[in-house]
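Numbering-wise, the sequence shown is residues 52 to 432 according to our numbering.
Single-structure report; data block below.
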Amino acid sequence: MAVKDILSDFPARKQFNYLSTASIGLVPNPVIEILKDHLITLSQGGTASFDEELEVLVYDNLRKEGAKLFQCNPEDVAVFNSVSEAMNIIAWSLEIDTGKIVSTAIEHPVVTYPWLRIAWNTAVNVELIKAENWCIDIDEFLEKIDDQTKIVVLSHVEYLSGQRFDLAPISKKAHEVGALIIVDGIQAAGYTPLNLEQWNVDVYITGSYKWLCAPFGSAIAYISKKLSEKITPAFVGWRTPEDMWNFDAVNLTFASTARKFEYGTSGYGVKFGLTESIRYLQKLGIHNIAAHNQKLVKLLLNELNTIKGIEIISPSTRGSIITFRIKDKPVQKVGQRLRNLERPVEMSIRQEMIRIALHFYNTESDVAHFVENLKKILNEV
Ligand SMILES: Cc1ncc(COP(=O)(O)O)c(C=O)c1O
52 MAVKDILSDF
62 PARKQFNYLS
72 TASIGLVPNP
82 VIEILKDHLI
92 TLSQGGTASF
102 DEELEVLVYD
112 NLRKEGAKLF
122 QCNPEDVAVF
132 NSVSEAMNII
142 AWSLEIDTGK
152 IVSTAIEHPV
162 VTYPWLRIAW
172 NTAVNVELIK
182 AENWCIDIDE
192 FLEKIDDQTK
202 IVVLSHVEYL
212 SGQRFDLAPI
222 SKKAHEVGAL
232 IIVDGIQAAG
242 YTPLNLEQWN
252 VDVYITGSYK
262 WLCAPFGSAI
272 AYISKKLSEK
282 ITPAFVGWRT
292 PEDMWNFDAV
302 NLTFASTARK
312 FEYGTSGYGV
322 KFGLTESIRY
332 LQKLGIHNIA
342 AHNQKLVKLL
352 LNELNTIKGI
362 EIISPSTRGS
372 IITFRIKDKP
382 VQKVGQRLRN
392 LERPVEMSIR
402 QEMIRIALHF
412 YNTESDVAHF
422 VENLKKILNE
432 V
């Protein structure tokens, strides 16, 4: 399956110039069909269409597909409902009460809040490295990881600037001082080839509804075997034991793999959705998606660099996100005009900057359409 062959799976492309995957990704038609199917058969058939075996399989299959994405063993994958949930479960299960957590001051709150909350009742100190123009100096970041550090936690790709971190040297420094590295990969997974075991990260969490092109309501996490064996889940439920169908209310036992961090029923339909969307992406090839997205990002950057007054924030090591300021122009008005075009441009405005996200369902003509209209609008506002 080649990128050019899949555009018809995203009919909304005709209606919009969709450059907003860093907020919400589009779901391909074949995945929508599976979601509809599940909703109808479950709603109309109950246990006749969704038996105990299938209830186990939903998560088993998602863990298998997640493992292909992460390049790891399915036993080291756990299924959650959101990145926030996964981050909190891991954070509280670590039972940290002293030492330092190192992160950055430009993270999405999902990354920092659980640790800030833990610091309320403990002697934990959260150190958030400041950014220069929304970007982090990696040498300064590495310097802050010292022998007091227990956890290093950051995004693989930053949600605002698109800055991408090389995880291997960060893991190396963290492990040298005995700390763990926990990564939020929601802005990277889906277009970035991942090799978590090689990079030696301890936890890598990603969510369904952006670059993985699935609906809201699922997240998956890689939790290294070494870490998973050492910690006990802070939250438990009927799915916690090895055999979730044993219904033993007296003895609390845990599954022997990362599955032990899962605890209850959830929106199973969206788990089917994420499983299918990962299969869809794998068919396209994450390397092919990465090459496609990088080509579009370069094209966009070249075009933006020719427009007077535009200051690009995204650094040279970046994901598929390009963010820029427009000097002396009312950015909200520019955004409104872009959204009011005959073929509206969907993008995000964050911190008075325009954030553009380019994924495999975008084309060179989407970039051209955006740039052409942006230039026109900038001459008029
Ligand atoms: C870096 C990052 N992490 C997490 C999230 C969202 O997490 P959740 O799955 O809890 O909605 C976002 C959403 O914008 C994000 O940009």
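Cβ coordinates follow ideal geometry from the N, Cα and C atoms, glycine included.
Quiz item: How is the alpha helix (DSSP H) around Phe421 delimited, first residue to last?
Solution: In the sequence shown, counting from the first residue as 1, residue 421 sits at position 370. Per DSSP, Phe421 belongs to the alpha helix (DSSP H) from 415 to 431.
Quiz item: When you compare only the Cα positions, how much space is there between Arg376 and Lys181?
Solution: As a working mapping, residue 376 is identified with position 325 in the sequence shown. As a working mapping, residue 181 is identified with position 130 in the sequence shown. About 20 Å.
Exercise. Would you mind listing the alpha helix (DSSP H) stretches within the segment 372 to 420 that are 4+ residues and don't spill past its ends, in chain order?
Key: You should have 382 to 390.
Quiz item: Cβ of Val162 within 8 Å of Cβ of Ser206?
Solution: For this step, residue 162 is matched to residue 111 along the sequence shown. For this step, residue 206 is matched to residue 155 along the sequence shown. For the pair Val162 and Ser206, the CB atoms are nearer than the 8 Å cut-off.
Exercise. Check the C-beta distance from Phe121 over to Ala270 and give it rounded, since I have them as a contact under 8 Å.
Key: Counting from one through the sequence shown, the residue named residue 121 turns up at place 70. Counting from one through the sequence shown, the residue named residue 270 turns up at place 219. Not confirmed; about 13 Å, so no contact.
Quiz prompt | Alpha-carbon spacing of Gly437 relative to Asp379, whole angstroms | solution = Past the edges of the chain, shown from 52 to 432, lies residue 437, and the structure says nothing about it.
Quiz prompt | CB-CB length for Tyr412 against Ile57, believed under 8 Å | solution = For the purposes of this step, residue 412 is identified with residue 361 of the sequence shown, where counting begins at 1. For the purposes of this step, residue 57 is identified with residue 6 of the sequence shown, where counting begins at 1. Yes, Tyr412 and Ile57 are in contact; Cβ-Cβ is about 7 Å, under 8 Å.
Quiz item: Would you say the beta carbon of Ser210 comes nearer than 7 Å to a heavy atom of ligand 1?
Solution: Taking the first residue of the sequence shown as 1, we reach residue 210 at position 159. Checking the sequence shown, residue 210 turns out to be Tyr, not Ser. Yes.
Quiz item: Closest by CA to Asn302, which one among Trp289, Ala309, Thr308?
Solution: As a first step, residue 302 must be located in the sequence shown, where it is residue number 251. Proximity to Asn302 across Trp289, Ala309, Thr308 peaks at Trp289, based on C-alpha coordinates.
Quiz item: Mind checking whether the beta-carbon of Gln95 lies closer than 7 Å to any heavy atom of ligand 1?
Solution: To locate residue 95, count along the sequence shown from 1; it is residue 44. Incorrect: Gln95 has no Cβ contact closer than 7 Å to ligand 1.
Quiz item: Leaving out five residues before and five after Lys223 in sequence, what residues of the same chain have Cβ atoms less than 8 Å from its Cβ?
Solution: As a working note, residue 223 is residue 172 in the sequence shown. Asn251.
Quiz item: Which residues in the same chain as Ala285 place their Cβ atom closer than 6 Å to its Cβ, once the five residues preceding and following it in sequence are excluded?
Solution: To locate residue 285, count along the sequence shown from 1; it is residue 234. Answer for Ala285: Trp143, Ser144, listed in chain order.
Exercise. Pull up the DSSP beta-bridge partners for Asp235, would you.
Key: Along the sequence shown, one-based indexing puts residue 235 at 184. According to DSSP, which records beta bridges pairwise, Asp235 is partnered with Ser206, Ile256.
Practice problem: With DSSP as the reference, please indicate the residues paired to Phe131 in a beta bridge. | Solution: The count along the sequence shown starts at 1 and reaches residue 131 at position 80. Answer is Ala270, bridged to Phe131.
Quiz item: Is Asp148 near Ala129, with beta carbons less than 8 Å apart?
Solution: Residue mapping note: residue 148 aligns to position 97 of the sequence shown, counting from 1. Residue mapping note: residue 129 aligns to position 78 of the sequence shown, counting from 1. Their beta carbons are not under 8 Å apart, which means Asp148 does not touch Ala129 by this criterion.
Quiz item: Where Ser71 and Tyr255 are concerned, what is the direct C-alpha to C-alpha distance, given to the nearest angstrom?
Solution: Locating residue 71 in the sequence shown gives position 20, counting from the first residue. Locating residue 255 in the sequence shown gives position 204, counting from the first residue. Distance between the alpha carbons of Ser71 and Tyr255 is about 23 Å.
Self-check item: Check: Ala270 C-beta below 7 Å from any heavy atom of ligand 1
Solution: The residue you call residue 270 lines up with position 219 of the sequence shown. Yes, the beta carbon of Ala270 sits closer than 7 Å to at least one heavy atom of ligand 1.
Quiz item: Whose C-alpha, out of Ile372, Pro366, Glu403, is nearest the C-alpha of Gln383?
Solution: The residue given as residue 383 occupies position 332 in the sequence shown. The residue with the shortest Cα to Cα distance from Gln383 is Glu403.
Self-check item: DSSP three-state assignment for Val153, whether helix, strand or coil
Solution: Stepping through the sequence shown from its first residue, residue 153 is reached at position 102. Val153: strand per DSSP, three-state reduction.
Quiz item: Can you round the beta-carbon distance between Glu415 and Leu347 to whole angstroms, since I take them to be within the 8 Å contact cut?
Solution: On the sequence shown, position 364 is the one that residue 415 refers to. On the sequence shown, position 296 is the one that residue 347 refers to. Approximately 7 Å separates the beta-carbon atoms of Glu415 and Leu347; this is inside 8 Å, confirming the contact.
Self-check item: Beta carbon of Ala73 nearer than 8 Å to that of Ala272
Solution: On the sequence shown, residue 73 is found 22 positions in, with the first residue counted as 1. On the sequence shown, residue 272 is found 221 positions in, with the first residue counted as 1. Cβ distance not < 8 Å, so Ala73 and Ala272 don't count as in contact.
Quiz item: If you draw a straight line from the C-alpha of Leu425 to the C-alpha of Arg390, how long is it?
Solution: By one-based count along the sequence shown, residue 425 stands at place 374. By one-based count along the sequence shown, residue 390 stands at place 339. A straight-line Cα-Cα distance of about 11 Å links Leu425 and Arg390.
Quiz item: When you compare only the Cα positions, how much space is there between Thr304 and Trp185?
Solution: Along the sequence shown, one-based indexing puts residue 304 at 253. Along the sequence shown, one-based indexing puts residue 185 at 134. If you take the alpha carbons of Thr304 and Trp185, they lie about 45 Å apart.
Practice problem: Taking 8 Å as the cut-off, decide whether the C-beta atoms of Arg264 and Gly76 are in contact. | Solution: For the purposes of this step, residue 264 is identified with residue 213 of the sequence shown, where counting begins at 1. For the purposes of this step, residue 76 is identified with residue 25 of the sequence shown, where counting begins at 1. Looking at the sequence provided, one finds Cys at residue 264 rather than Arg. Cβ atoms of Cys264 and Gly76: closer than 8 Å.
Quiz prompt | Whole-number beta carbon distance between Val153 and Ile196, since they are thought to touch under 8 Å | solution = The sequence position of residue 196 within the sequence shown is 145, counting from 1. The sequence position of residue 153 within the sequence shown is 102, counting from 1. Confirmed, about 5 Å.
Quiz prompt | Straight-line gap, Val203 to Gly150 (C-alpha atoms, nearest Å) | solution = The residue you call residue 203 lines up with position 152 of the sequence shown. The residue you call residue 150 lines up with position 99 of the sequence shown. Straight-line Cα distance between these residues: approximately 11 Å.
Practice problem: Could you have a look at Val287 and say whether DSSP puts it in helix, strand or coil? | Solution: Walking along the sequence shown from the start, residue 287 turns up at place 236. It is coil, neither helix nor strand.
Practice problem: Assign Ala156 to buried or exposed, taking buried as 16 or more other Cβ atoms, counted over all protein chains shown, within 10 Å of its Cβ. | Solution: Mapped onto the sequence shown, residue 156 falls at position 105. Answer is exposed; the Cβ neighbour count stays below 16.
Quiz item: Rounded to whole angstroms, how far is the Cβ of Ser371 from the Cβ of Gln214, which I believe are closer than 8 Å?
Solution: Counted from its first residue, the sequence shown places residue 371 at position 320. Counted from its first residue, the sequence shown places residue 214 at position 163. About 12 Å separates the two Cβ atoms, so there is no contact after all.
Quiz item: Taking 7 Å as the cut-off, does the CB of Gly258 come closer than this to any heavy atom belonging to ligand 1?
Solution: Sequence index remark: in the sequence shown, residue 258 carries index 207 (1-based). Relative to ligand 1, the nearest heavy atom lies less than 7 Å away from the CB of Gly258.
Exercise. Let me know if Lys65 comes out buried or exposed under the rule of 16 or more other beta-carbons within 10 Å of its beta-carbon.
Key: In the sequence shown, the residue the question calls residue 65 occupies position 14. Result: exposed.
Practice problem: Check whether the Cβ of Val203 lies closer than 7 Å to any heavy atom of ligand 1, and answer yes or no. | Solution: Reading the sequence shown from its first residue, position 152 is the one you call residue 203. Flag unset: Cβ of Val203 not near ligand 1.
Quiz item: For Gln333, does the three-state DSSP call read helix, strand or coil?
Solution: As a position in the sequence shown, residue 333 is number 282, starting the count at 1. Of the three classes helix, strand and coil, the one that applies to Gln333 here is helix, per DSSP.
Practice problem: Check Glu194 in the structure and name its three-state DSSP category. | Solution: Position 143 of the sequence shown, counting from 1, holds the residue named residue 194. If DSSP states are grouped into helix, strand and coil, Glu194 belongs with the helices.
Practice problem: Look at the alpha carbon of His343 and the alpha carbon of Leu351, and state the distance between them as a whole number of angstroms. | Solution: Taking the first residue of the sequence shown as position 1, residue 343 is located at position 292. Taking the first residue of the sequence shown as position 1, residue 351 is located at position 300. Using only the alpha carbons, I get a separation of about 13 Å.
Practice problem: Grab me the residues of Val418's own chain with a C-beta within less than 8 Å of its C-beta, minus the 5 sequence neighbours each way, in chain order. | Solution: Taking the sequence shown and counting its residues from 1, the one referred to as residue 418 is at position 367. Closer than 8 Å at Cβ, skipping near neighbours: Leu347, Leu350, Leu351, Glu354, Leu409.
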